[in-house]
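Here's the structure, in structure tokens; my notes come after.
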Amino acid sequence: MISRTSALLLLALLGGGASAAPAAQGIDPLLAEKWEETELRPAPLGDDAEFLRRLSLDLIGRVPTIDELKAFLAKPDRAAKIDELLTRPEYPRFWSEVWTAMLNGYTGAFDSQRDALRFWLEKSFRENVPFDRMATELIAASGVSSVDGAVNFILHNSVEPAIKVSRSFLGIRLDCARCHDHPFDRWTQKNYDDMARFFAPLQKEPVSAGSTRVRDNPDLTGGAKPRFLTGAQPVTSRWREDLAYFITTSKPFARTFANRLWYHFMGRGIVDPPDDFNLKNKPSVPKLLDFLADEATARNFDVRAMVRLICSSDAYRRSSRHGARDPKAEALFAYRVLKPLSPEQLFDSLSSALEAPEFRRRRDAFIRTFVGRSFGEDFSNVWRYRESVQDVMTKLTLDLKAPAGSLDELYLRILSRAPSARERDLCRGRAAGDVAFALANSNEFFFNH
Amino acid sequence: MRLLVLALPVLLAFAPDELDTRIDAFAGKINPGGDETVARFQKAAGTRPGKIVLRDRFEKAAEELRSRSERDAVPEYFRTFFEDAGDVYRLRKGQDEYRRRLIEDFAGCKADMDRIRPVIKEVADNLADTPEINAKLKAYLSLPSIVEQLYLGDLRQKARPDIYLILRKLGDLFAQAEDGRFYIPEARHEVADRFVRIGRALLEATKSTSGQLKSACDSLVGLDDTHQRLKAAAPDPLFSMVFLKPAFDNADLNDLDPALQKLKDLTEELTRKLPEVFETTPKGKVLTEKACDGVAKALEKYDRAKYKVGLLRAPGRQLASRLRDSDERTETFRQMFQSDAVLSLLDVDVGGEEADLVKYVVAKIKQAVSKDADGKYRVLPEVSETLNRELKDPAKTAAKQDRAFKVVSMHGDKIEDKALREIFTSRYGVAEVERTMKERLSVRSYDGLQSWVERHFEAAGSSYTLRAASRGEIDAILKEVERLESESKKNDLKD
Chain A
1 MISRTSALLL LALLGGGASA APAAQGIDPL LAEKWEETEL RPAPLGDDAE FLRRLSLDLI
61 GRVPTIDELK AFLAKPDRAA KIDELLTRPE YPRFWSEVWT AMLNGYTGAF DSQRDALRFW
121 LEKSFRENVP FDRMATELIA ASGVSSVDGA VNFILHNSVE PAIKVSRSFL GIRLDCARCH
181 DHPFDRWTQK NYDDMARFFA PLQKEPVSAG STRVRDNPDL TGGAKPRFLT GAQPVTSRWR
241 EDLAYFITTS KPFARTFANR LWYHFMGRGI VDPPDDFNLK NKPSVPKLLD FLADEATARN
301 FDVRAMVRLI CSSDAYRRSS RHGARDPKAE ALFAYRVLKP LSPEQLFDSL SSALEAPEFR
361 RRRDAFIRTF VGRSFGEDFS NVWRYRESVQ DVMTKLTLDL KAPAGSLDEL YLRILSRAPS
421 ARERDLCRGR AAGDVAFALA NSNEFFFNH
Chain B
450 MRLLVLALPV LLAFAPDELD TRIDAFAGKI NPGGDETVAR FQKAAGTRPG KIVLRDRFEK
510 AAEELRSRSE RDAVPEYFRT FFEDAGDVYR LRKGQDEYRR RLIEDFAGCK ADMDRIRPVI
570 KEVADNLADT PEINAKLKAY LSLPSIVEQL YLGDLRQKAR PDIYLILRKL GDLFAQAEDG
630 RFYIPEARHE VADRFVRIGR ALLEATKSTS GQLKSACDSL VGLDDTHQRL KAAAPDPLFS
690 MVFLKPAFDN ADLNDLDPAL QKLKDLTEEL TRKLPEVFET TPKGKVLTEK ACDGVAKALE
750 KYDRAKYKVG LLRAPGRQLA SRLRDSDERT ETFRQMFQSD AVLSLLDVDV GGEEADLVKY
810 VVAKIKQAVS KDADGKYRVL PEVSETLNRE LKDPAKTAAK QDRAFKVVSM HGDKIEDKAL
870 REIFTSRYGV AEVERTMKER LSVRSYDGLQ SWVERHFEAA GSSYTLRAAS RGEIDAILKE
930 VERLESESKK NDLKD
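Line by line, the protein sequences are chains A and B.
Every letter in the first sequence is one number past the one before it in our numbering, and letter 223, counting from 1, is 223.
Just so we're on the same page, our numbering is the position in the second sequence counted from 1, plus 449.
This is the structure:
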């Protein structure tokens, strides 16, 4: 077994580049310790171009433009770049899309207004509202779905809000406990019933076409008082408000928040899946999870501060190039997991790489077609031709016009790197449009790596 | 009378942030005057559990105000428009326009109800007694106030639509501010912009098309009725819509490009085909024989559209004048609400193809009952179950409505003005009071914080001192805060 010092030395040699910000000290030593324990050799760090592509996709939802890439390569100040991207309007926009999909999926239910929720989230991320406050507003929201964006989370999930709230903010799945005691975890049906009663007063009233008022009606609170999973019971008559307080001051909330952010950036949770903390699904690096949860609490759930912490670590820069898939190394973040681009990332990356703003109008239709196969589709007419993701992409890229410039520029625009010698040979004599088509339909483009 | 169903989304409550800021401001002004309990309360108000407990108190105080307001809705209506002069209610000065509008609208509604009364009576009188659903429907349609119930509850909206009908068609795009005006919440800007795209494209297309139609028909000879009607209709953008509206059949608001492209195609097609419709004679242009039928059909569609848009024109203008903002987006909506072409696109159901109210009622009846050879009406088997559900307890519904009618009539009886007295001792009057107060209450906000503070604290200059009688309330709050803090200490799961 190599010593810890040797491992750190090895890491330093492999890493190179700018040093991590002081706050990241905790992440990398904790991972190094784990690798040493398990005799894992981490992948080297990625280069600056890879870092920028990764960061841009994770923070603003698209690949960097050629100008952004050139500017960064000329002055690769990673900390400054993280800060700069966090101030872009694209950051809250993209994060609101990610969180809307996480909270409410891609379809509407019970007249919930997906756009209004997304808009509320965008505003919250733009103003860097602490995450515990965002969660409180989402859990305890009252108001009208078209005006009060936060209310659409509870409205959308109003059939069994306890399940979605537990998954989203505590990383706990109570699904099984709805009908019987959980077979593998600690949760009993009584735990579920106690938790579900926090939402008993929830009342929905139609206000106008497609708009609903959500409020708590104290007349519906009959029966026993609810009880949170930690045992806490409400004190006021506004049970959801009390619940939001219990949740956001609890340790599972801090762990889930930290794990969820880690998952977003690393493509894998320290507890994975990130909404399934249970007795049999322990964290892969417990000390790291505790460290991140403590940091989140100490930083008052400041999302940007946590983004800086994670993105300035070497862990975030670890290369995705690795031999055969190794689940153990993946779980310990010894190399970067490949993340398929979301439909929003794909569309925006293509639109930006090819400088085709006219695409924008087709964005909604693209996303709907992209996710349509798996969400809310009617399979009663199975022989009807359905577009695959590949079809959708092909259709979108068929009528694209390749931007002017050299082969190198085309590669930089679409893949954020220059072509290899072999690729130059392959592309020789080909029309720019054909090359752009091939690159835009390549796996390399489809993944955040 | 409870007026719970609100007309439109409104901002009734203070946002959590704003309320917290107000709590801090209030706490900062409390003068404990050496009282330890008040000092503890002041400190607690600055904490999160303290704010949770206080917000709960304020919500309850706001609910009390809301209930009081709802209970007082009917007297408030009459206080607004009438002055109580002892024995009689006298119309307040400056309310002549209100009086004129009410009398005119009442006469129109009464005429509508008188037209449908015989239709309903004929069905009620001739409904078979068996099976049971027929008897049930018969009992319902024989209620003394059935025509008023049906008309004021649903049909009126179709015969005499108001702004809410247009707003409902637009989904939840607009919210209502406290001053009663309408605005587009920021969260809806994106969706609103899609409507704006349609509106702009449509205003432009109909302007250009009606210009072309007008020039093409300038020298049209008044050969017959079709020619004369065409010449009159040609400059009207609504006539252009007969040709352009199909562009929006099955249009998807999320993907407008195909619809807008189709609009462009139809506009170009019309330009291309227009010369083929006419032939020249020494006296001017006439329609070709081949074109006559098509033009006649288009004019029929135009007449139907004119009828429908005619109903929407007044509420459209009223809505345009009640838009709060004047940014580019809102201005486009203002233009759209005043455009016949755009209003025709809203496709508001004012009787479907049956533009006439009586025909509409007959068509609706035919969907539920059929007249058999013995001259008796019977409920169609396919609607029997739905109807049975809807007619769950007609007598109970009628009794509830009768109560509201009696309450309003008690006020109405006191009205000095004979015409207005007649209105407010009729079911129409009840609907008027309900509609007005619903709108008014829906935009009213209730300040629970202010109400609670006034009840428990005395304002002395710029500070607050606790009222002696409220010590118990403060003690109770502090206990709740302590309990909440103690409960929140259970903050982890037990392994």
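No residue lacks a Cβ here, since even glycine has one placed at the ideal position from N, Cα and C.
From a predicted model like this one, the values you see are computed outputs, not experimental measurements.
query                                                                                                                                                                                                       : result
Applying a beta-carbon distance threshold of less than 7 Å, which residues of chain B neighbour tryptophan 120 of chain A?                                                                                  : Ala636
Suppose only complete runs of 4+ residues qualify. What are the alpha helix (DSSP H) ranges in the segment 200–256 of chain A, listed by chain order?                                                       : 239–248
Are any of the Cβ atoms in chain B nearer than 8 Å to that of leucine 155 of chain A?                                                                                                                       : no
Can you list, in chain order, the stretches of the beta strand (DSSP E) that have 3 or more residues and sit fully within the segment 515–542 of chain B?                                                   : 531–534 and 537–540
Could you please tell me which residues of the segment 342–368 of chain A, in chain order, have their CB closer than 8 Å to any CB of chain D?                                                              : In the displayed structure, chain D is absent; the protein chains listed are A and B.
Decide yes or no for the touch test of the segment 840–851 of chain B against the segment 589–600 of chain B: beta carbon pairs closer than 8 Å, at least 3 of them.                                        : yes
Given that alanine 296 of chain A touches chain B, what residues does it touch there, using C-beta distances under 9 Å?                                                                                     : The contacting residues do not exist; alanine 296 of chain A stays about 14 Å from chain B at best.
If you measure beta-carbon to beta-carbon, which residues of the segment 237–256 of chain A are closer than 8 Å to chain B?                                                                                 : Ser237, Arg238, Glu241, Asp242, Tyr245, Phe246, Thr249, Ser250, Lys251 and Pro252
Closer than 6 Å by C-beta to lysine 663 of chain B: which residues in its own chain qualify, once you throw out the five before and the five after it? Chain order, please.                                 : Ala683 and Pro684
Assuming contact is defined by CB atoms lying nearer than 8 Å, are leucine 170 of chain A and phenylalanine 253 of chain A in contact in what I supplied?                                                   : yes
Report the neighbours of isoleucine 501 of chain B on chain A: residues whose CB is nearer than 7 Å to its CB, in chain order.                                                                              : Thr236, Glu241, Asp242 and Tyr245
Run down chain B in chain order and give the residues with a C-beta less than 8 Å from the C-beta of threonine 38 of chain A.                                                                               : Residues of chain B passing the Cβ test: none, with the nearest at roughly 24 Å.
Going along the chain, which residues of its own chain have a beta-carbon closer than 6 Å to the beta-carbon of glutamate 444 of chain A, five neighbours each way excluded?                                : Leu415
What is the residue span of the beta strand (DSSP E) that glycine 733 of chain B lies within?                                                                                                               : 733–736
For a cutoff of 8 Å on Cβ pairs, would you count leucine 772 of chain B as touching chain A?                                                                                                                : no
Grab me the residues of leucine 292 of chain A's own chain with a C-beta within less than 6 Å of its C-beta, minus the 5 sequence neighbours each way, in chain order.                                      : Ala258
At a CB distance below 9 Å, what residues from the segment 300–334 of chain A approach chain B? Give them in sequence order.                                                                                : none
Using beta carbons (cut-off 8 Å, strictly below), is alanine 421 of chain A in contact with chain B?                                                                                                        : no
Quick one: grab the DSSP three-state call for aspartate 924 of chain B.                                                                                                                                     : helix
Let me know if leucine 426 of chain A comes out buried or exposed under the rule of 16 or more other beta-carbons within 10 Å of its beta-carbon.                                                           : exposed
What first and last residue would you give for the alpha helix (DSSP H) that runs through tyrosine 192 of chain A?                                                                                          : 189–196
Counting contacts by CB-CB distance shorter than 8 Å, is threonine 100 of chain A in contact with chain B?                                                                                                  : no
Identify, in the order they occur along the chain, each residue of the same chain with its Cβ nearer than 8 Å to the Cβ of leucine 794 of chain B, setting aside the five sequence neighbours on each side. : Ile647, Leu651, Met690, Lys694 and Phe697
Roughly how many angstroms lie between the CA atoms of threonine 914 of chain B and asparagine 480 of chain B, to the nearest whole one?                                                                    : 6 Å
Work out the CA separation of aspartate 603 of chain B and leucine 768 of chain B for me, nearest whole Å.                                                                                                  : 21 Å
Once you ignore the five residues that flank arginine 766 of chain B on each side, which residues in its own chain have a CB closer than 8 Å to its CB?                                                     : Phe786 and Gln787
Looking at aspartate 364 of chain A: is its Cβ nearer than 8 Å to the Cβ of alanine 636 of chain B?                                                                                                         : no
Are the Cβ atoms of tyrosine 756 of chain B and leucine 576 of chain B separated by less than 8 Å?                                                                                                          : no
If you compare alpha carbons, which of B:Asp621, B:Asp701, B:Ala790 and B:Ser911 is closest to serine 146 of chain A?                                                                                       : B:Asp621
Would you verify that the beta carbon of leucine 85 of chain A is, or is not, closer than 8 Å to some beta carbon of chain B?                                                                               : no
Give the residues of chain A in contact with asparagine 703 of chain B, contact being defined as C-beta atoms less than 8 Å apart.                                                                          : Asp364, Ala365 and Arg368
Hey, how far is the Cα of alanine 24 of chain A from the Cα of leucine 705 of chain B?                                                                                                                      : Residue placement at alanine 24 of chain A is flagged as unreliable, the pLDDT there being 42, under the threshold of 50; a coordinate-derived value is accordingly withheld.
Would you say glutamate 513 of chain B faces chain A, with C-beta separation under 8 Å as the test?                                                                                                         : no
Please check the pair valine 502 of chain B and isoleucine 926 of chain B, which I expect to be a contact at CB under 8 Å, by giving their CB distance rounded to whole angstroms.                          : 6 Å
Just the C-alpha distance for alanine 474 of chain B and leucine 898 of chain B, rounded to the nearest angstrom, thanks.                                                                                   : 11 Å
What residues of chain B sit near aspartate 115 of chain A, judged by a beta carbon separation below 9 Å?                                                                                                   : Ala636, Arg637, Glu639 and Val640
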